[in-house]
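Report on the structure given below.
There are 2 protein chains.
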Amino acid sequence: MEQTLGIIGGGQLGRMLALAAIPLGFKVSVLDPTPNCPASVCALQTLGSFKDAAAIKQFASQQDFLTFEIESANAQALLSLQQDGKNLNPQPQMLALIKDKFAQKIFYQQHAIPCAQSYKVDSKNEIVRAADKIGYPFLLKARFDAYDGRGNALVRSAADIDDAMAKLGANNLYVEQFVPFVKELAVIVARDSQNNIRSYPVVETIHENNICHTVLCPAPISVEQSEQATQFAEQLVSHLEGAGVFAVEMFLSAQGEIIVNEVAPRVHNSGHHTLEANVTSQFEQHVRAVTGLPLGDPSLKVPAAVMMNILGERAGDANIEGLDAALAIDGVSVHFYGKAQTKLERKMGHITVVASDLATAQANALQAKKLLKI
Amino acid sequence: MEQTLGIIGGGQLGRMLALAAIPLGFKVSVLDPTPNCPASVCALQTLGSFKDAAAIKQFASQQDFLTFEIESANAQALLSLQQDGKNLNPQPQMLALIKDKFAQKIFYQQHAIPCAQSYKVDSKNEIVRAADKIGYPFLLKARFDAYDGRGNALVRSAADIDDAMAKLGANNLYVEQFVPFVKELAVIVARDSQNNIRSYPVVETIHENNICHTVLCPAPISVEQSEQATQFAEQLVSHLEGAGVFAVEMFLSAQGEIIVNEVAPRVHNSGHHTLEANVTSQFEQHVRAVTGLPLGDPSLKVPAAVMMNILGERAGDANIEGLDAALAIDGVSVHFYGKAQTKLERKMGHITVVASDLATAQANALQAKKLLKI
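These protein sequence lines map, in sequence, to chains Y and V. Numbering-wise (the numbering used here), the first sequence opens with residue 56 and increments by one. Numbering-wise (the numbering used here), the second sequence opens with residue 56 and increments by one.
Right, dumping it as structure tokens:
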């Protein structure tokens, strides 16, 4: 009898999880509200919202193992499944923490993990008082529903506060120290059901308009910085609960300090290159972890890899162009997500390039990316 | 608009082709007579026989690109599709050649490719006369429908001839010189639609009961032998037609000579390790070739890889055991084929192990194989 793995959410992450779970012998299903969602070509899709408690419960009843690819899934429904004894991983308790960016900062402070100073603010007065403590510029941020840069405003002086509040709404805000970073880093950390932890090599992530554009692996930083980033990431994940893959995002300051920014309890854009570059991909690793299997080797099998996202450049029907030219470059792998509609800056796919050094991988990835349109 | 790729045959080869085609943006379908065939979890299955000309024609009408994973597909139907201008690769003309093992030998001789001396025989008298030329022992072989060792009989002396004929039937036989080989080798050769050729590193294949059990990559042979094997394989494929991946199987004789045994016009068991070990897997390579895309880099990204087949050891419902213990060994990847029923020596899946040297890979693969049951 095949064992069943249910994934709440069937976007590109669910698609790549399903592609990794099939060879391991699992029958994969996804719960997703969009007909023909990206994962539907390699998983049975149940049409339904991952916010809908009844839909989640019904879906879960058919699964031996359950996980999620989206942290906005209905946390209450997931908690109730867990209380019913479902094999659900990672643990949904932490979703409340993950969803509240301010609570995350407090959590890091409590566990002595370096992060940007942050203050909860409920009014303009409180914003001004927080500014007195941390100085300008600072970031005004929404505590909830903030991703891909939505929910952030840079406040350069007191004169910017009104505009920032207008942009973000007056409620559920916090003030965060502005860290003038020289690099953004990320570490994928995996934990199995026996609490064994294995981490992937540190990567540098490069964002534009707050959207991840490029991942460099290994990150061009010192060995000490790399060890420290790994240590902070593992320390953070050790305080979270459940089996699975977690992505920890960090800043490297001009002074060489590493500061944790945030964590996602799932496979992550900063780990897509692991499909080609690492012995065990983040997707297989997550499947192993949430199904009670042991973790695989996360180490690199190539000297260097670069990932670049293929982002939509217009709105309309998706239409792949330039694939032949891009694939003519050695070391290029292309992953499309099967989205029927393209949109400005929508994640439509990604390119990974492996090479004998980072400069070659980056040059080839950039060339491939320029050739590809969707 | 997604382009469609149709595969005639939906067994494990179709399954792994589909898994490789999905990230490249293709909508994949398979034609296969078995409900819930291995590829059905990642491709749209049309239920139908690959011997049925009408089913093939109907299936083909829905595909932008068409290929096959099984050389016993109806060659006449494929030829007729080709005449209708379908994008079908590789070219079906050669299927007549591939299906006739004696014709293959003549073909090699015509193109000066070293192979075992062979004689067509229509009677016991002709067998005896052939034996006079090549001596005992020799092989009596069926020209058609011979695979995984079926259709071969070793004739040690004239006294064995009657038994061998009884085993193989009296018709369509040929006599083949017995080559006392020290190793069996294989080379996967890919050709794109522009006739560019790229070859994978030579592997050693180890058969038991004429079924592939183990693949060692790279083959533990000399550089000269490896170059010669590659040269013969490319020479052979250059005389075949169409784009795709071809597997050339060879013997290394005790004298160090390389002798071509046979060719398969498709992805092959001797290339399964390329999923983990090579920059471009044989499956992605075949998809690229048959869809008019350029070939990828076939080179290794690990020092060594070993593949072992997971063969059924009993008859009955498939039931995976020992997966957790097998995956606890570093470098182990497991691929199940999703077959509901196991049978003695049926190919149910395979293990690939990557490592820093062949001995480690082989030891780890053997250990994993002993732990896994299905």
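Note that the Cβ used here is the ideal one computed from N, Cα and C, for glycine as well.
Residue i and residue j closer than 8 Å at C-beta
i: Gln120 of chain Y; j: Gly64 of chain Y; result: Checking the sequence, you will find Phe at residue 120 of chain Y rather than Gln. No; because the gap between Cβ atoms is not below 8 Å, this pair is not in contact.
i: Gly386 of chain Y; j: Asp352 of chain V; result: yes
i: Gly61 of chain Y; j: Gln100 of chain Y; result: no
i: Pro145 of chain Y; j: Glu296 of chain Y; result: yes
i: Val322 of chain Y; j: Val292 of chain Y; result: no
i: Ile406 of chain Y; j: Lys424 of chain Y; result: yes
i: Glu126 of chain V; j: Ala298 of chain V; result: no
i: Gln280 of chain V; j: Gly311 of chain V; result: yes
i: Cys272 of chain Y; j: His328 of chain Y; result: yes
i: Val244 of chain V; j: Glu289 of chain V; result: yes
CB contact below 8 Å: residue i versus chain Y
i: Asp385 of chain V; result: yes
i: Arg198 of chain V; result: no
i: Pro349 of chain V; result: yes
i: Arg343 of chain V; result: yes
i: Ile252 of chain V; result: no
i: Phe338 of chain V; result: no
i: Val334 of chain V; result: yes
i: His327 of chain V; result: no
i: Val357 of chain V; result: yes
i: Phe391 of chain V; result: yes
i: Val409 of chain V; result: yes
Residue i at chain V interface by Cβ criterion, 8 Å
i: Ile375 of chain Y; result: yes
i: Ile425 of chain Y; result: Strictly speaking, residue 425 of chain Y in this sequence is Lys, with Ile absent from that position. No, no contact with chain V.
i: Leu378 of chain Y; result: yes
i: Gly80 of chain Y; result: yes
i: Leu382 of chain Y; result: yes
i: Cys97 of chain Y; result: yes
i: Ile77 of chain Y; result: yes
i: Asp352 of chain Y; result: yes
i: Val258 of chain Y; result: no
i: Lys74 of chain Y; result: A small fix is needed here, since residue 74 of chain Y is Leu in this sequence, not Lys. Closer than 8 Å: yes.
Neighbourhood of residue i by C-beta distance below 7 Å, restricted to the same chain and skipping five residues each side
i: Lys398 of chain Y; result: Gly367 and Ala370
i: Val176 of chain Y; result: Ile182, Ala185, Leu228, Tyr229 and Val230
i: Thr285 of chain V; result: Val242, Ser254 and Val257
i: Pro192 of chain V; result: Leu209, Val210, Arg211 and Phe233
i: Asn333 of chain Y; result: Tyr255, Pro353, Ser354, Leu355 and Lys356
i: Ala75 of chain V; result: Ser336, Phe338, Glu339 and Val342
i: Ser104 of chain V; result: Pro88 and Ala110
Span separating the alpha-carbon of residue i from that of residue j
i: Lys106 of chain Y; j: Ile313 of chain Y; result: 35 Å
i: Leu195 of chain V; j: Asp218 of chain V; result: 11 Å
i: Ala383 of chain Y; j: Leu426 of chain Y; result: 11 Å
i: Thr260 of chain Y; j: Arg205 of chain V; result: 55 Å
i: Leu72 of chain V; j: His341 of chain V; result: 8 Å
i: Phe157 of chain V; j: Pro90 of chain V; result: 35 Å
i: Phe233 of chain V; j: Ile189 of chain V; result: 9 Å
i: Lys141 of chain Y; j: Val345 of chain Y; result: 12 Å
i: Leu350 of chain Y; j: Val408 of chain V; result: 15 Å
i: Asn324 of chain Y; j: Met362 of chain Y; result: 9 Å
i: Ser173 of chain Y; j: Ile216 of chain Y; result: 16 Å
i: Phe287 of chain Y; j: Glu317 of chain Y; result: 12 Å
i: Glu331 of chain Y; j: Lys179 of chain Y; result: 49 Å
i: Asp379 of chain V; j: Ala130 of chain V; result: 43 Å
i: Leu136 of chain V; j: Ser336 of chain V; result: 28 Å
i: Asn265 of chain Y; j: Ala309 of chain Y; result: 20 Å
i: Ala128 of chain Y; j: Gln396 of chain Y; result: 23 Å
i: Ala109 of chain V; j: Asp372 of chain Y; result: 34 Å
i: Asp412 of chain V; j: Gly347 of chain Y; result: 29 Å
i: Thr59 of chain V; j: Gln249 of chain V; result: 21 Å
Beta-carbon contacts of residue i that lie in its chain and below 8 Å, excluding the five residues immediately before and after
i: Gly224 of chain V; result: Ala197
i: Arg401 of chain V; result: Leu366, Gly367 and Lys394
i: Asp155 of chain Y; result: Arg198 and Phe199
i: Leu134 of chain Y; result: Pro147 and Gln148
i: Ala151 of chain V; result: Ala130 and Ala158
i: Ala213 of chain Y; result: Val183, Ala186 and Tyr191
Any C-beta of chain C under 8 Å from that of residue i
i: His323 of chain Y; result: Of the chains in the structure shown, none is chain C; the protein chains are Y and V.
Spatial neighbours of residue i in its chain, beta-carbon cut-off 6 Å, leaving aside the 5 residues before and after
i: His166 of chain V; result: His294
i: Leu143 of chain Y; result: Leu121, Leu136 and Gln137
i: Gly69 of chain Y; result: Ile62, Val85, Ala94 and Glu124
Cβ contact check for the segment 407 to 426 of chain Y and the segment 349 to 361 of chain Y: 3 or more pairs under 8 Å: Taking 8 Å as the limit for Cβ pairs, the verdict is that the segment 349 to 361 of chain Y does touch the segment 407 to 426 of chain Y.
Touch test, the segment 239 to 250 of chain Y against the segment 298 to 316 of chain Y, Cβ-Cβ under 8 Å, three pairs minimum: yes
At least 3 beta-carbon pairs within less than 8 Å: the segment 379 to 399 of chain Y vs the segment 73 to 84 of chain V: yes
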